[in-house]
Amino acid sequence: MAEEHASALQEQDLNEMMRVRREKMDAFRAMGIAPFGHRYEVTDYAADLKKEYDHLAEDEEGKEVRIAGRLMAIRGHGKASFSTLNDRTGNIQVYFKLDVLGEQKYKEEFKRLDIGDIIGIRGVVFKTRRGEVTVRVEDFDLLAKALRPLPEKFHGLKDVDTRYRQRYLDLMVNLEVRETF
Numbered sequence: 112m113a114e115e116h117a118s119a120l121q122e123q124d125l126n127e128m129m130r131v132r133r134e135k136m137d138a139f140r141a142m143g144i145a146p147f148g149h150r151y152e153v154t155d156y157a158a159d160l161k162k163e164y165d166h167l168a169e170d171e172e173g174k175e176v177r178i179a180g181r182l183m184a185i186r187g188h189g190k191a192s193f194s195t196l197n198d199r200t201g202n203i204q205v206y207f208k209l210d211v212l213g214e215q216k217y218k219e220e221f222k223r224l225d226i227g228d229i230i231g232i233r234g235v236v237f238k239t240r241r242g243e244v245t246v247r248v249e250d251f252d253l254l255a256k257a258l259r260p261l262p263e264k265f266h267g268l269k270d271v272d273t274r275y276r277q278r279y280l281d282l283m284v285n286l287e288v289r290e291t292f
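Going by the working numbering, the sequence shown opens with residue 112, and the numbers climb by one from there.
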């Protein structure tokens, strides 16, 4: 009985999350931004950028890059946010700043992004104080809005049956599985 109740609550939470994401998608459409099917020219990949700019000093900047991928994490810090972008070669940190993007782009568009959305980014490579290669976002485009949330970061996909039935989810969230294929 308790298990059925917990399952019903999870389903209700999922429906609420999907409703909120659909509202965000409608807001993008109202702004004239297509939430799906957008072409984006990529010039660089995460693994290549990490390798190429690993030597970069803290106060140096690299070249302008264009990268696209799925948002895997968003960490907000007031007028700036760090995110993890996952492309086909791996993860890279990206840095969104209100001063660089402008108030409209940051507050109206960036704040409507969710984990799982696919975006294209144009920005400059730099290294953070902690030594992580990062792309400072100068502009971004929504390429695909994720209507369903990704599995939880910490619990992930533990159920083997679900991992086999929904292989696309397993490939999205488990880097080890992706490397196997």
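Idealized CB from N, CA, C, for every residue including glycine.
Close Cβ partners of residue i (< 6 Å) along its chain, the five nearest in sequence each way excluded
{"i": "M183", "result": "T195 and N197"}
{"i": "R181", "result": "N197 and I229"}
{"i": "F207", "result": "S192, F221 and V248"}
Beta-carbon spacing of residue i, residue j below 8 Å
{"i": "D228", "j": "A191", "result": "no"}
{"i": "V211", "j": "E249", "result": "yes"}
{"i": "V205", "j": "R177", "result": "no"}
{"i": "A158", "j": "T200", "result": "yes"}
{"i": "G173", "j": "V235", "result": "yes"}
{"i": "I203", "j": "K161", "result": "yes"}
{"i": "I185", "j": "I144", "result": "no"}
Buried or exposed by the 16-neighbour rule on C-beta atoms within 10 Å, applied to residue i
{"i": "D155", "result": "buried"}
{"i": "F237", "result": "buried"}
{"i": "V244", "result": "buried"}
{"i": "V246", "result": "buried"}
{"i": "E220", "result": "buried"}
{"i": "F147", "result": "exposed"}
Host beta strand (DSSP E) of residue i (start-end)
{"i": "K256", "result": "Here K256 belongs to no beta strand (DSSP E), and DSSP marks it neither H nor E."}
{"i": "E172", "result": "E172 to G187"}
{"i": "A64", "result": "With the chain running from 112 to 292 in the structure shown, residue 64 is simply not present."}
Paired residues, beta bridge with residue i - DSSP
{"i": "I144", "result": "For I144, which the question treats as bridged, DSSP gives no partner whatsoever."}
{"i": "K238", "result": "V244"}
{"i": "N202", "result": "N197"}
{"i": "F251", "result": "I232"}
Close Cβ partners of residue i (< 7 Å) along its chain, the five nearest in sequence each way excluded
{"i": "H116", "result": "At H116 the pLDDT is 42, less than 50, meaning the model places this residue with poor confidence; the figure from the coordinates comes in the next sentence. Within the same chain, H116 has no close Cβ partners at all."}
{"i": "E169", "result": "K238 and R240"}
{"i": "D252", "result": "H149, Y151, I230 and G231"}
{"i": "M128", "result": "P260"}
Own chain, CB closer than 8 Å to residue i, minus 5 neighbours either side, in chain order
{"i": "R133", "result": "L258"}
{"i": "R54", "result": "This structure does not reach residue 54, given that the chain is present from 112 up to 292, and the question cannot be answered."}
First through last residue of the alpha helix (DSSP H) which encompasses residue i
{"i": "L167", "result": "Segment: none, L167 is in no alpha helix (DSSP H) and carries neither H nor E."}
{"i": "D210", "result": "L209 to L212"}
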